[in-house]
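Sequence lines, in order, name chains U and E. Residue numbering for the first sequence follows this note's numbering, beginning at 1 and increasing consecutively. Residue numbering for the second sequence follows this note's numbering, beginning at 444 and increasing consecutively. Single-structure report; data block below.
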Amino acid sequence: MRITKRAATVALLTAATVAMTGCSAAGGSSDGADAADCAPAEGKVELSFTSWIPGIEDVVKVWNDENPDIQVAVQTGPNGNGGTYANFFNQLEAGNAPDLGQIEYDALPNFRVQDGLVNLASCEGVMDAKADFVDWTWGQVSFNEDDAVYAIPQDSGPMAMFYRADLFEANGIAIPTTWEEYATAAEQVRATGAYITNFSQGDINQFAGLVWQAGGTWFGNDGDNWNVDLTGDESVMVADYWQDLIDRDLVSTVPAWTTEWDNAYNTGAAWTWNSAAWGANSIASGAPDTAGKWAVSASPQWEAGDEASGNWGGSSTAVFTGSEHPYEAAQFALWLNSSSESLTMLNESANLYPAAKDGLELPVLKEGVEFYGDQPIYDVFAEASGQVSADFVWGPTMTQTYNDVSDGFKAAVSGQGTLSEALTAGQTSTIDALKAQSIPVAE
Amino acid sequence: MSALTESPTVARPAKRRAAANPAPKGPKESPLSRVGAMTVMLVFTLYFLIPIWWLFVAGTKSSSQFTSTNPLWFADFNLFENIGNLVAYRDGVFLKWMLNSALYAGAGALLATLFAGMAGYALAKYRFPGRELLFNIVLGGVLVPATALALPLFLIFSQVSLTNTFWAVFLPSLVSPFGVYLTRIFASASVPDELIEAARLDGAGEVRTFFTVSVKLMFPALVTVFLFQFVAIWNNFFLPLIMLRDETLFPVTLGLYAWNSQVNQIPELRGYVLIGALLSIIPLIILFLLLQRFWRNGLGAGSVK
């Protein structure tokens, strides 16, 4: 019994991989077959939904009160890479996955390749909702295929530059608008004894955001094979840029998210942070003594006059294979991620920055923020969100890719090797990992 | 988190062994080696206690002072305010987790001790075919780390629809191969056959003999098994992580871990994780202080054989 089930699973996985790569490029019409059956159920429906957002149950309660026939039960756990993704895979294997689950954009391809996601394209209202979401977030959940929607975008992390307005002004340093100016400013800041920023050796998705801004992409799918391109021109350009700053001791390299790191911002030893919308609170809580002294401006650009932004983080709400009620699940996911009521609550309880276009206009995101000298900082992020390229694609083994590149980055900041060598090593190991999982790779 | 809670477990035997050494050697010991031993001891004590000290100090700080003040010394004393905030956060879910942990670990360890004690006693005192084979199989169980069993257990529990229930964590906690091993050794050393024989002659049944006579003689070993099992369940993290989705079923380790995994995006959780970690080790410390005496006896007696 077990054996046959396992064999079936393996066969399924293989078939899924083939199916996916077979139709993802041009038409993608055969994927519609997955989604054919998305009809409303009769009578009352109960759904389970796993999410790690604290306070999500309050949001779900609002839905439950308004929709007596579609009751959603919340399940929770640590964040995705902290164990919830592993649990999802275990549950898919055991056949008791929840109806809905929270999945970050960079993990979606992994679930897609393992045939864990339901294509919601034929569910009523889902394709119509495309226009309600910021374009690039829709690209992330549809893998830019036609007739395909594997999740509903929830939140996003468009990037901008947090900076110490008071210190830049007091020292007569211009706010950099290009990366070239940023490097010049870095020298001037270093002359005062501080660092312009900290280069994080562990946040590879932040680095990916910088590559994203530069117009690079790390993965692609030509319909048959995955392309892995960690060492594309843009990636190498970004890596060399930061390598140069590290070599000249113009950026610090303490591990991010530690008290040491907080302290650097709190004491004015670091002046800027190229981060995402959700990072606003990280600084406010990590550097409380600097309240009122920060401001936010658009990310520095590679060419003066460009308007490009990257993205760091963000998640979606997906419906898992095996759910008996994809229709109701899709309705809930749409409400959760596009109603202003829900988005306001999610922003208040977990600082989520919406992926829905209307969400960017929420009253709470229009107000001035005290910590940033009453600047309405989310206007900057709303603009950045519109400037994020829709072409960036994540790979199916991002955890492994992050780990391997991070190992290389750690070595590089301690003087062994360079950032671009770390990308080269990550390229090789990612291709190996894909092959090990029988995922076809173009060489 | 688990490293912090483990430290009292590890610290005590190390200290005791070092402390017990000088006594039999007495005056012959050279001052140099004594100083050496004391230094090693001191270093280890500091190694184990500083993290707890850090945690305590961090627990007394407000979130703004946490990053900006000396990590090993106090700023404004906000301990009780922090505890109040933690308990109030999300309708006291933290208290629920503490209760869950107490239930999993307390009831689980109690029953596990009973089962292990009975099994060990039976293996020591009754002769029956396959006894050694059975014992060796149980011994083999000692070698299999609990973590390795979590995923198979999940798949099995999935088939009977028991995942995400109290039983998913509780039932596996009732098994203690090490307990069977220890109680067997202890029973064969400390429960004389003659005594059992006498009880039988007086008309006591086997079960009654076990509960009235043997349990008392095996008490130190049972306390040891209880303590080990209690700590193992309290610190068990992987099994609940895999089994549980419902927040109201979480033990405190999993709950704090879940919060800690989101500190990057929701920084205010950091304060709750710190104060929660501090509170979560208190039951272990109390238990150790209370049962230390029995435990020491049990460990010594078990090891002689």
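No residue lacks a Cβ here, since even glycine has one placed at the ideal position from N, Cα and C. Predicted model only: the values in this text are computed from it and were never measured.
Check                                                                                                                                : Outcome
Residues, ordered as in the chain, of the stretch 282-305 of chain U that lie near chain E by beta-carbon distance below 7 angstroms : S282, S285, G286, P288, D289
is_contact[E:D689, chain U] using C-beta, thresh 8 angstroms                                                                         : yes
Contact with chain E by U:W52, beta-carbon distance below 8 angstroms                                                                : yes
Where E:I494 falls, given that 16 or more other Cβ within 10 Å makes a residue buried                                                : This sequence places Pro at residue 494 of chain E; Ile is not what is there. Answer is exposed; the Cβ neighbour count stays below 16.
Cut-off 8 angstroms between Cβ atoms - residues of its own chain near U:A412, not counting five sequence neighbours on either side   : Q201, Q243, I246, T418, L419, E421, A422
C-beta contact flag for U:F320 and U:A39 at 8 angstroms                                                                              : no
Any C-beta of chain U under 8 angstroms from that of E:F499                                                                          : no
Short CB-CB distance (under 8 angstroms) between E:N678 and chain U                                                                  : no
Neighbourhood of U:A355 by C-beta, 7 angstroms cutoff - its chain only, sequence neighbours within 5 removed                         : F133, V134, T137, P153, Q154, D155, S156, G314, N337
Residue environment, U:S299, which counts as buried when at least 16 other CB atoms sit within 10 Å                                  : buried
3-residue-minimum beta strand (DSSP E) runs that sit fully inside the stretch 304-373 of chain U, ordered along the chain            : 315-319
Same chain, Cβ closer than 6 angstroms to E:A559, five either side skipped, listed in chain order                                    : S619, G622, V623, T626, V668
Simplified DSSP state of U:W226, which is helix, strand or coil                                                                      : strand
C-alpha gap between U:F381 and U:A256, whole angstroms                                                                               : 22 angstroms
Residues bridged to U:E181 (per DSSP)                                                                                                : U:E181 pairs with nothing; no bridge assigned.
Three-way DSSP call (helix, strand, coil) for E:P635 in this model                                                                   : coil
Under 8 angstroms between C-beta atoms of U:L362 and U:S340                                                                          : yes
From U:S297, U:E303, U:N263, residue whose alpha carbon lies closest to that of U:A284                                               : U:N263
DSSP state of E:L515 mapped onto helix, strand, coil                                                                                 : coil
Nearest candidate by alpha-carbon position, reference U:N64, set U:Y163, U:A276, U:E328                                              : U:E328
Backbone CA spacing between E:Q602 and U:A94 [nearest angstrom]                                                                      : 8 angstroms
DSSP three-state assignment for U:Q294, whether helix, strand or coil                                                                : A quick correction: the sequence has Trp, not Gln, at residue 294 of chain U. In this structure, U:W294 counts as strand in the three-state DSSP scheme.
E:R570, buried or exposed, once every other Cβ within 10 Å from all chains shown has been counted against 16                         : exposed
CA-to-CA distance, E:L727 to E:S450, given in whole angstroms                                                                        : Low confidence applies to E:S450: its pLDDT is 42, below 50, so where it sits in the model is not reliable, and the reading given next is rough at best. Cα to Cα, E:S450 sits roughly 10 angstroms from E:L727.
Alpha-carbon spacing of E:Q735 relative to E:F662, whole angstroms                                                                   : 13 angstroms
Beta-carbon separation (whole angstroms), E:L670 vs E:L617, contact threshold 8 angstroms                                            : 16 angstroms between Cβ atoms; not a contact.
Proximal residues, the stretch 72-92 of chain U versus chain E, C-beta separation under 7 angstroms                                  : Q75, T76, G77, P78, N79, G82, G83, N87, N90
Enclosing alpha helix (DSSP H) for U:W278 [first to last residue]                                                                    : No alpha helix (DSSP H) holds U:W278; DSSP gives it neither H nor E.
Closer than 9 angstroms at the beta carbon, the chain E residues around U:A329                                                       : Simply none; closest approach about 16 angstroms.
Cβ neighbours of U:S297 in the same chain (closer than 7 angstroms, five flanking residues each side left out)                       : A160, M161, Y163, I175, V380
Status (buried if at least 16 other CB within 10 Å, exposed otherwise) for E:E690                                                    : buried
U:R164 - DSSP class collapsed to helix/strand/coil                                                                                   : strand
Proximity test, Cβ basis, 8 angstroms: U:D106 and chain E                                                                            : no
is_contact[U:N64, chain E] using C-beta, thresh 8 angstroms                                                                          : no
Listed by chain order, chain E residues near U:T259 by CB distance under 8 angstroms                                                 : F509, T510, P514
Where U:Q416 falls, given that 16 or more other Cβ within 10 Å makes a residue buried                                                : exposed
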